[in-house]
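Residue numbers (the numbering used here): 367 to 486.
Beta carbons are placed, not taken as given, at the ideal position from N, Cα and C, and that holds for glycine.
Here the structure is a predicted model, which is why all the values come from computation and not from measurement.
For reference, the structure discussed in these notes is given below.
Structure, rendered in structure tokens:
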């Protein structure tokens, strides 16, 4: 389960849908597009809720891990929809899976322009 934070509200959703919302929002922002997605989630009080999100350039969204012990809400239809839209766009995900933990700064090792030294 993951917390999906959108416009100051935190929703508890399954890992797959949380990651897809972030990827889909990024694709829409890059293309200057917008779309709405309807998710099943748990609200701040723990109740099951239905949320309608407007994803666009000006709507930041964040996903973070959670240790909540609840069954994942059923979001199969919206997961399928976002996967199809991402595939049609030709978007390539440049991000690592959210559970990926590279050794120290290995993600930057091949980037010659990245300066590991700080000037304090």
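Residue 435 has its alpha-carbon roughly 22 Å from the corresponding atom of residue 444. Selection 452, 378, 392 evaluated against residue 421 yields 392 as nearest (Cα-Cα). Here residue 380 has 367, 368, 438, 439, 441 as same chain residues with Cβ atoms under 8 Å from its own Cβ, once five neighbours each way along the sequence are excluded. Per DSSP, reduced to three states, the secondary structure at residue 435 is coil, with no helix or strand assignment. For residue 376, DSSP records a beta bridge to 371.
Minimum Cα-Cα distance from residue 372 among the listed residues 450, 404, 452 corresponds to 404.
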